[in-house]
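Novice: First to last, the sequence lines map onto chains A and B.
Plus 594 on top of the position in the first sequence (first one is 1) and you've got the working numbering.
Plus 60 on top of the position in the second sequence (first one is 1) and you've got the working numbering.
There's a structure below that I have some questions on.
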Amino acid sequence: MKVTTAHFKATARVELGNARTQRFLQILPLRLSARRNAAYASFADPAAAHAYGQAIRGEGVARLPELLETFEANARANGARVFWAADSQAANAYIVDLARQKGVRYVTKGKSMITEELGLNEALAANGIIPWETDLGEFIAQLLERPPFHIVGPAINIPVEEIRDIFIARGVMATPTTDPVTLGRAARRFLRDKFRDLQMGITGVNIAVAETGTVINVENEGNIRFNKSSPRTLVCVMSLEKVVPGMADALHMLRVLCRSATGQAAGAYLSFDSGPQRQGEKDGPEELHIVILDNGRSAMVRDAHTREVLRCIRCGACLNACPVYGKVGGYPYGWAYSGPMGQVLTPALRGLSDTGDLIRACTLCHRCKTICPAGIDHPATLLYYRYKDVQMDPQFNGRGVSPLERLTYRAYGLIGSHPGLWRLLGRAARRVANRHRRNGAIQRIARWTDGWFSSRDLPLLPRDTFHDRWRQRQAATAGPDKYASPDAAPRRRKG
Amino acid sequence: MTVNDRETILQRLKAAASHPVPPRPLLPPLPEMALDADRLREVFVQRLTEQGGEVHPVANRAALLETLGRILADEQVVRAMAAADKVVAPLDLVSWGRQVGVEIVTPEAYPDRDGYARAVFDDVQAGITGADFAVAESGTLVLVHDTRQARLISLAPVLHIAVVPVDRIVPAYETAVTAIYADGRRPSQVTFITGPSMTADIQATPFKGMHGPQKVIVLLVG
């Protein structure tokens, strides 16, 4: 998939001007947030359930290597084949090789952000194997070559007219319609043929259980179950942080995940796979391949801040809580992961060279952190990235700051640490600023301050500073007193 | 041949400075655990109905077959596939179907995989299965897939009919899962089904039967 994180601002501007996007964003995140809150209320003790889930994720990340080895041993004992991929090239090569070896012409896929991260569709297509996304939203997004708008509804913002046109153009249906249900039925019929004759299916993994070697998927449509039941070969791709210690942990995380993502107590289908089909079973894969993907994550573990980002379970609750996502939608984030989830994950996986706007598109309001069922501190992580960026940290490809910015802050530091200079310049600045009064406020000073003034005015600055007024007040009341401003009192110079 | 990066990845993970495992708070309580059998049954029916499932209580085998016949007629099912699981097999639906004029087939009738796939995808309008457990906490059916419970019967046909004896109703997922995975048993697949297949991916318009069944009907026996 094309990475456009570097164009965050440009894409955001387009989306802010897109009336349809804006209409959608006024409804969707609020509705999903409300559903999530209602679903959480069904826990006997919502706060305890939240905290318990966060502890499970924290433990999963803390015990990663050990849990992965246990998972692998048990998955192998179940008959699965486990392949460890250091990066997307290795993972894609393994899957493409497998598809070639099986002689398949096409594969179907369940919705998985991990395969978007891999660019797996492009890799398969480049080798003459057609990948079909089978989640309705992903299917539409794939045909239109769009990134996901929302992790739960990847194409939920796409107008029905556009879906109608692409469905006609690509032969998904013959009779034009703009009825959402009829469009959905057309996709069902089209993909059903693919499922029936399927030789190889590919899914992601929501949770991997170390104790049993089981991979778990959550869905509502049934496409993942088809992917796991119909073909002779199944590939489940998991990022290495998906592992939890035991089945009881997985069950609790499923409760938390379904409530956080869609406000359901349970998705329509939760499927637990332990190895391939057994002797005599009528369906299910003859071969189950589990690809464990690193792709930068083992480096994230070395850093105390980025390590905690690996707790993420991709529920998307933070998108719905985020005031920035709520204005710009999913496209500006420019990769598989949008919203606060993407803002903490993408820079860790891809470095800061193209994600500078991403880490700054945050008001530090802390709503994502509060709602996060995995216990991620998004705002603190973003501040950490900003620091690493300014410090030009080589580990993160930090970009540093422009000479002008550096000069500005050095000058600010100099002025701020010299009271005389501060007062002098303060007085001058007030006079200059007030000269630009218009309609009782300062709306603009110079071209280089337009960024600041683009969304706010500055009230007129009073002639006297606080210190001036304090001195006047002291002079008006009798005599010196112990609260006199240090500026007013005679000072002894050091040295 | 692609190289397996196992050692490199594990080494890198192990090289990271170890840090303490965060302490676990108390496991939050599961209120369903305290319910008696009657209340569990009510909760199961209520939650499944909320999720778009349909529940028909039937007192005994005769009532079950009568209701099944009516449903198949109402839904205009001419051919259905039945699983061979412990709940459905004893009903001998194949012979029953002959008497009432509905063709009931089983996966065993199709010796090869492709023939079975064509039948379950294209030739039947309903899939009839038992359920290993029915979980009250979310109105969920639990199916353990094995030689007697093929996966596609509860998935590919547009109608899924599940026969659930009331004694299969359990309070929470844990009860079912503990029993299923006991003594090192690892079934190839276990599925939790909560209502029909659904989506809201186009303009947030919800509808049932996206890829899987449009209807889930539970015949609650006993």
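Yeah, the Cβ is synthetic: ideal placement off N, Cα and C, and Gly gets one too.
Taking any Cβ of chain B, which residues in the stretch 712-725 of chain A have a Cβ under 8 Å from it, in chain order?
Specialist: The residues in question: there are none.
Novice: If we define contact as Cβ-Cβ less than 9 Å, is B/ASP182 a contact residue for chain A?
Specialist: Here residue 182 of chain B refers to the residue found at position 122 when the second sequence is read from its first residue. Yes - at least one Cβ of chain A is within 9 Å of the one on B/ASP182.
Novice: Check A/GLN871 in the structure and name its three-state DSSP category.
Specialist: In the first sequence, residue 871 of chain A corresponds to position 277, counting from 1. Coil.
Novice: For A/ASN1033, name the three-state secondary structure that DSSP assigns.
Specialist: Mapped onto the first sequence, residue 1033 of chain A falls at position 439. Residue state, collapsed to three classes: coil.
Novice: According to DSSP, A/LEU718 sits in a beta bridge with which residue or residues?
Specialist: If you number the first sequence from 1, residue 718 of chain A lands on position 124. None, per the DSSP bridge assignment.
Novice: Quick check: what's the CA-CA separation for A/ASN751 versus A/ALA628?
Specialist: Taking the first sequence and counting its residues from 1, the one referred to as residue 751 of chain A is at position 157. Taking the first sequence and counting its residues from 1, the one referred to as residue 628 of chain A is at position 34. Between A/ASN751 and A/ALA628, the C-alpha separation is close to 19 Å.
Novice: I'd like the span of the alpha helix (DSSP H) that includes A/LYS921, first residue to last.
Specialist: As a first step, residue 921 of chain A is located in the first sequence; it is residue number 327 there, counting from the start. Taken as a continuous stretch (DSSP letters only), the alpha helix (DSSP H) holding A/LYS921 covers 919-922.
Novice: Beta-carbon within less than 7 Å of B/GLU163's beta-carbon, same chain only, minus the 5 sequence neighbours each way: which residues are those?
Specialist: For the purposes of this step, residue 163 of chain B is taken as the residue at position 103 of the second sequence. Correct list, in chain order: VAL138, ARG139, GLY157.
Novice: Nearest-angstrom Cα distance between A/LYS1088 and B/HIS79?
Specialist: On the first sequence, residue 1088 of chain A is found 494 positions in, with the first residue counted as 1. On the second sequence, residue 79 of chain B is found 19 positions in, with the first residue counted as 1. The pLDDT assigned to A/LYS1088 is 46, lower than 50, so where the model puts this residue is not dependable, and the model offers no usable value.
Novice: To the nearest angstrom, how far is the alpha carbon of A/GLY936 from that of A/CYS956?
Specialist: Taking the first sequence and counting its residues from 1, one reaches residue 936 of chain A at position 342. Taking the first sequence and counting its residues from 1, one reaches residue 956 of chain A at position 362. Cα-Cα distance, rounded: 12 Å.
Novice: Rounded to the nearest angstrom, how far is the Cβ of B/GLY282 from that of B/VAL226, given a contact under 8 Å?
Specialist: Residue 282 of chain B sits at position 222 when you count from the first residue of the second sequence. Residue 226 of chain B sits at position 166 when you count from the first residue of the second sequence. Rounded, the Cβ-Cβ distance is 4 Å, consistent with contact.
Novice: Pick from B/PRO231, B/LEU201, B/LYS268: whose alpha carbon is nearest that of A/LEU864?
Specialist: Position 270 of the first sequence, counted from the start, is the residue given in the question as residue 864 of chain A. Measuring from the Cα of A/LEU864, the nearest candidate turns out to be B/LEU201.
Novice: Is A/GLY816 near the ligand SAM - that is, is its Cβ less than 8 Å away from at least one heavy atom of it?
Specialist: The ligand SAM is not part of this structure, which contains no ligands at all.
Novice: Which ranges does the alpha helix (DSSP H) cover as unbroken runs of at least 4 residues, wholly within the stretch 764-842 of chain A, from first to last along the chain?
Specialist: Within the stretch 764-842 of chain A, the complete alpha helix (DSSP H) runs of at least 4 residues are 774-790, 817-823.
Novice: Could you tell me the distance, in whole angstroms, from the CA atom of A/LEU730 to the CA atom of A/ARG1000?
Specialist: Numbered from 1 along the first sequence, position 136 holds the residue referred to as residue 730 of chain A. Numbered from 1 along the first sequence, position 406 holds the residue referred to as residue 1000 of chain A. So the two alpha carbons sit approximately 49 Å from each other.
Novice: Quick check on B/ARG101: buried or exposed, where buried means 16 or more other Cβ atoms within 10 Å of its Cβ?
Specialist: To locate residue 101 of chain B, count along the second sequence from 1; it is residue 41. Buried: at least 16 other Cβ atoms inside 10 Å.
Novice: With the cut-off set at 9 Å, would you say A/ALA604 and B/GLY199 are in Cβ contact?
Specialist: Here residue 604 of chain A corresponds to residue number 10 of the first sequence, with the count starting at 1. Here residue 199 of chain B corresponds to residue number 139 of the second sequence, with the count starting at 1. Contact: no.
Novice: Taking the beta carbon of A/HIS1012 as the centre, do at least 16 other beta carbons fall within 10 Å, making it buried, or is it exposed?
Specialist: Your numbering for residue 1012 of chain A matches position 418 in the first sequence. The residue in question, A/HIS1012, is exposed, as its Cβ has fewer than 16 Cβ neighbours within 10 Å.
Novice: Thinking C-beta only, is B/HIS271 closer than 9 Å to A/ARG819?
Specialist: Sequence index remark: in the first sequence, residue 819 of chain A carries index 225 (1-based). Sequence index remark: in the second sequence, residue 271 of chain B carries index 211 (1-based). Going by C-beta atoms, A/ARG819 is nearer than 9 Å to B/HIS271.
Novice: Just grab the DSSP bridge partners of B/THR251 for me.
Specialist: Your numbering for residue 251 of chain B matches position 191 in the second sequence. In DSSP, B/THR251 forms a bridge with A/SER865, B/LEU203.
Novice: Reducing DSSP to helix, strand and coil, say where B/PRO225 ends up.
Specialist: The sequence position of residue 225 of chain B within the second sequence is 165, counting from 1. The answer is strand: DSSP assigns B/PRO225 an E or B state.
Novice: For chain B, check one thing: does any of its Cβ atoms lie closer than 9 Å to the Cβ of A/SER892?
Specialist: Here residue 892 of chain A corresponds to residue number 298 of the first sequence, with the count starting at 1. A/SER892 counts as touching chain B.
Novice: So is A/TYR979 buried or exposed if we call it buried at 16+ other beta carbons inside 10 Å?
Specialist: Here residue 979 of chain A is taken as the residue at index 385 of the first sequence, counted from 1. It counts as buried.
Novice: Please report the distance separating the alpha-carbon of A/GLN620 from that of A/GLY920.
Specialist: Numbered from its first residue, the first sequence carries residue 620 of chain A at position 26. Numbered from its first residue, the first sequence carries residue 920 of chain A at position 326. About 7 Å.
Novice: On the DSSP bridge list, what partners appear for A/GLY994?
Specialist: On the first sequence, residue 994 of chain A is found 400 positions in, with the first residue counted as 1. None; A/GLY994 has no bridge partner.
Novice: Terminal residues of the continuous beta strand (DSSP E) containing B/VAL195?
Specialist: For the purposes of this step, residue 195 of chain B is identified with residue 135 of the second sequence, where counting begins at 1. That run of the beta strand (DSSP E) goes 193-195.
Novice: Quick one: Cα of A/MET707 to Cα of A/ASP877, how far?
Specialist: Here residue 707 of chain A refers to the residue found at position 113 when the first sequence is read from its first residue. Here residue 877 of chain A refers to the residue found at position 283 when the first sequence is read from its first residue. The straight-line gap from Cα to Cα measures roughly 27 Å.
Novice: What residues in the stretch 830-847 of chain A have a beta carbon less than 9 Å from any beta carbon of chain B?
Specialist: Those residues of the stretch 830-847 of chain A that come within reach of chain B (Cβ to Cβ, closer than 9 Å) are LEU834, MET841, ALA842, ALA844, LEU845, HIS846.
Novice: Let me confirm a value: A/TYR1003 is counted as buried when at least 16 other C-beta atoms fall within 10 Å, else exposed. Which label applies?
Specialist: Position 409 of the first sequence holds residue 1003 of chain A. Result: exposed.
Novice: By the 9 Å beta-carbon criterion, what residues does the stretch 776-790 of chain A contribute toward chain B?
Specialist: Answer set for the stretch 776-790 of chain A: LEU777, GLY778, ARG779, ALA781, ARG782, LEU785, ARG786, ASP787, PHE789, ARG790.
Novice: Measuring only between beta-carbons, confirm whether A/THR808 sits less than 9 Å from chain B.
Specialist: What you label residue 808 of chain A is simply residue 214 of the first sequence in a count that begins at 1. Closer than 9 Å: yes.
Novice: Residues of the stretch 140-153 of chain B in Cβ contact with chain A at a cutoff of 7 Å, in chain order, please.
Specialist: So nothing in the stretch comes that close.
Novice: Would you report the Cα separation of A/CYS906 and A/TRP678, rounded to the nearest angstrom?
Specialist: The count along the first sequence starts at 1 and reaches residue 906 of chain A at position 312. The count along the first sequence starts at 1 and reaches residue 678 of chain A at position 84. Using only the alpha carbons, I get a separation of about 20 Å.
Novice: For the stretch 70-83 of chain B, which residues have a beta carbon sitting closer than 9 Å to at least one beta carbon of chain A?
Specialist: Against chain A - using a Cβ distance shorter than 9 Å - the residues of the stretch 70-83 of chain B are LEU70, GLN71, ARG72, LEU73, LYS74, ALA75, ALA76, ALA77, SER78, HIS79, PRO80, VAL81, PRO82, PRO83.
Novice: If you measure from the beta carbon of B/ILE131 to each beta carbon in chain A, is any gap under 9 Å?
Specialist: Your numbering for residue 131 of chain B matches position 71 in the second sequence. So no, B/ILE131 is outside the interface.
Novice: Assign A/PHE743 to one of three DSSP states: helix, strand, or coil.
Specialist: The sequence position of residue 743 of chain A within the first sequence is 149, counting from 1. Three-state DSSP puts A/PHE743 in coil, outside helix and strand.
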